[in-house]
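Contents: one structure, followed by commentary.
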Amino acid sequence: MSVTNQQIAAIFQQMADILSILDGDHFRILSFQKSARIIEELVDDLASIGPDEKMLAGIQGIGKGTAQRIAEFLRTGQIKDHQDLLAQIPPGLPALLGISGMGPKTVALLWREAGVDSIDTLKSKLESDGLTGIKGLGPKKIENLKQSLTFAASSETKRRRLGDALMLANWFLTELRKMPGVKDANYAGSLRRGKETIGDIDLLVAADDKHAQAISDAFVKLDLVETILAQGKTKSSVRVAPTAGGMQVDLRVLEPESYGAALLYFTGSKEHNVRLRELAIKQGMKLNEYALTRDDKPVASKTETDIYRALGLDYIPPELREDHGEIALATEGKLPELVRVEDIAAELHCHTDASDGSLTILEMAMLAIERGFHTIAITDHSKSQTVANGLSEERLEQHILAVREVAKQLKGRINLLVGSEVDILADGKLDYSNSLLKELDIVVASPHHALNQDPAKATKRLLKAIENPYVSIIGHPTGRIINRRPGLSPDMKQLFHAAAQRGVALEINANHYRLDLRDTHARAAIEAGVKLAIDTDAHGVSDFDQLIYGVLTARRAGATKADVVNCMSADALKKWIASTRK
């Protein structure tokens, strides 16, 4: 999704949320929510279409009113209806929606009944037991709010999710690469290393000195820039508008001769760089952000590969640069050949309009064909997920027939599997009986509720699911949402052991809100002999683009093609699935 689309979608979603808080018209709320979802899933960049209401209204799903509001934003940078709604509530109220468990109805209740109008007042009320006795806020709900607020305060809430930061960085790079004199450009820092959250964005540009000032001047005037924090010939820093994430973006303009050394230095990590400098010193050289030198004479500086080679190392991918033994492996020529996006040949976790997706079975399968996949598994939600239109037993029986019918139509073009993302209930039982699970080709079992269980219960719950004879994949095993809820904290070693024994795969859910398993868990899982599944959990067209985030997480874990079931050939995948169904 483009940055502009992201901004507009966020505005429509906020309008829906504010209307819900104000107990506004239900149909307007649904309309704004639908508009937000459609805009999120658009392939085309609305900014490239421009404020042409007729063309905007021609987009499927975009009505006249939505087209007028989009055009207004493209002309003015805001939407009057949005501003009018914001004026009807305290300015601190929208921030409450960012706390897990705080939907519009809860926010409205707290505001009207307890005078909660910001995170600070919520904290004060919780500390003073000021919410006790309010109808609809029982002791358990209040305790959950305390836990959510504590997590929000302790987590890196000022850091942005990988997907948001990467999209923003790529927008800036696209603009920078258009500028005269720019010979190369890239992002660095924790973003380039694929970390799940990003503090700020570091951009590096290779350009001759004569172009540096003009590039810096143009950078600080780009459309998304709201505040110029610093500006110089070779170093500038800006903050983007809140609707684009509010992140700080730093630019460094470098001579092409020093670009590789600077990219290596500013990519980090700090610990990795220290090890490299120590290695350089042992070899009678010095390494800094300008060059690798010997006796003050350049040895290598143009590219990272040149520098690693001069140090006697194989090139180390950015995702591995965390001082986890990668330098020793590079010295010995034993670095793993990391999995790539193009290695992924199957999607094993996605949702259609049978539950909460936006595409039909055929549309989802055709999208997978366009991606070059040999297999896709349709895994709509099970019955307990009522909020996601989960399928009852009767609906699942009909759904199985519908998927099988489409599979016949597409035979020879793609292997279309019928499955389900089945809820792992609080006691470890699955949402469907084994007799019904047996009818499916594949089962992804996932936790969706009771995500504040104590570790012992969570461990027992997930172990029971792993032992189910029809489960092939445990989906997003902890159920966390990055920066919003921590999810389950089971004994991961026990899970890895059980999964390895059963041959069940653990998922890296590629949605950038989840990235679950996280990188450290995925690394430990691989070491325990567990196979990984990298799935997008797709609900619509644009979700397949999130595959990169799951792959980056897997690369940080040191995963190769052999570690990931989605990289198997069609025949090998079929045999693996059969082997998990005991």
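If you read the sequence shown in the working numbering, its first letter stands for residue 838, the second for the next number, and so on. C-beta atoms are modelled at their ideal positions from N, C-alpha and C, and glycine is treated no differently.
### Task
Tell me whether asparagine 842 sits in a helix, a strand or coil according to DSSP, three-state version.
helix
### Task
Report buried or exposed for asparagine 842, applying the criterion of at least 16 other Cβ atoms within 10 angstroms of its Cβ.
buried
### Query
Taking the alpha-carbon positions, what's the glutamine 779 to serine 955 distance?
No information on residue 779 is available, as it lies outside the stretch 838 to 1419 that the chain covers here.
### Message
So, under 8 Å CB-CB, leucine 1148 and leucine 1196 are touching, yes? Tell me the CB distance rounded to an integer number of Å.
### Response
Not a contact, Cβ separation roughly 49 Å.
### Query
For isoleucine 1035, which of Val1042, Leu1041, Tyr1024 has the nearest alpha-carbon?
Tyr1024
### Query
Just how far apart, CA to CA, sit alanine 846 and glutamate 878?
10 Å
### Query
Closest by CA to proline 1292, which one among Gly1316, Asn1305, Tyr1269, Ser1326?
Ser1326
### Message
Alpha carbons only, please: which of His1188, Val1367, Gly1105 is nearest the one belonging to isoleucine 1213?
### Response
His1188
### Query
asparagine 1403 by DSSP, collapsed to three states: which one?
helix
#### Entry: Secondary structure of leucine 1157, DSSP reduced to three states
helix
### Task
Identify, in the order they occur along the chain, each residue of the same chain with its Cβ nearer than 7 Å to the Cβ of glutamate 1276, setting aside the five sequence neighbours on each side.
Ile1237
### Query
For isoleucine 1118, is the classification buried or exposed, using 16 other Cβ atoms within 10 angstroms of its Cβ as the cut-off for buried?
exposed
### Message
With a threshold of 8 Å on Cβ separation, who are the neighbours of leucine 859 within its own chain once the five nearest residues in sequence on each side are excluded?
### Response
Leu922, Gln925, Ile926, Ala945
### Message
Closer than 8 Å is the cut-off here; do at least three beta carbon pairs connect the segment 1393-1401 with the segment 1172-1180?
### Response
yes
### Query
Considering only residues of the same chain and omitting the five flanking positions on each side of aspartate 1143, which have a CB-CB separation below 7 Å?
Gly1097, Ala1137
### Query
Who are asparagine 1346's beta bridge partners in DSSP?
Asp1353, Asp1372
### Query
So which of Ala1336, Ala1263, Lys1266, Ala1191 has the shortest CA-CA distance to glycine 1256?
Ala1191
#### Entry: Nearest to glycine 1265 (by Cα), restricted to the options Arg996, Gln1290, Val1224
Gln1290
### Message
I want to know whether the segment 1343-1356 touches the segment 1306-1321 - three or more CB-CB distances under 8 Å.
### Response
yes
### Message
Assuming arginine 1076 is part of the beta strand (DSSP E), what are its boundary residues?
### Response
1072-1077
### Message
Using 8 Å as the threshold, is the C-beta distance between arginine 1029 and proline 1155 below it?
### Response
yes
### Message
Less than 8 Å between the C-beta atoms of glycine 1000 and tyrosine 1386, yes or no?
### Response
yes
### Task
For threonine 1104, I'd like the list of residues in its chain whose CB is within less than 7 Å of its CB, leaving aside the five on either flank, ordered along the chain.
Ala1025, Gly1026, Arg1029, Arg1030, Pro1155, Arg1158
### Query
What are the start and end residues of each continuous alpha helix (DSSP H) run of 4 or more residues lying completely inside the segment 1224-1290, in chain order?
1230-1246, 1271-1274
### Query
Measuring CA to CA, which of Trp1413, Ile1371, Tyr1127, Gln1383 is closest to valine 1401?
Ile1371
### Task
Would you check if the distance between the CB atom of isoleucine 1251 and the CB atom of alanine 1205 is smaller than 8 Å?
yes
### Query
Nearest CA to the CA of leucine 1254: which residue from Lys1294, His1211, Leu1262?
His1211
### alanine 1022: first and last residue of the uninterrupted beta strand (DSSP E) it sits in
1021-1024
### Query
Per DSSP, threonine 1064 forms a beta bridge with which residues?
Arg1076
### Task
Return the first residue and the last residue of the beta strand (DSSP E) that proline 1017 is part of.
Segment: none, proline 1017 is in no beta strand (DSSP E) and carries neither H nor E.
### Nearest-angstrom Cα separation, counted from phenylalanine 849 out to alanine 884
16 Å
### Task
Within the same chain, show all residues whose beta-carbon is closer than 6 Å to that of leucine 968, passing over the 5 residues directly before and after it, in chain order.
Ala951, Lys962, Leu974, Ile979
### Task
For the alpha helix (DSSP H) containing isoleucine 916, list its first residue and its last residue.
Element bounds for isoleucine 916: n/a, residue is neither H nor E.
### Selected residue, minimal CA-CA separation from alanine 1167, among Arg1112, Asp1132, Arg1131
Arg1112
### Query
If you run the structure through DSSP and keep just helix, strand and coil, what is leucine 1091?
strand
### Element boundaries [beta strand (DSSP E), containing aspartate 1132]
Aspartate 1132 -> no beta strand (DSSP E), and no H or E assigned at all.
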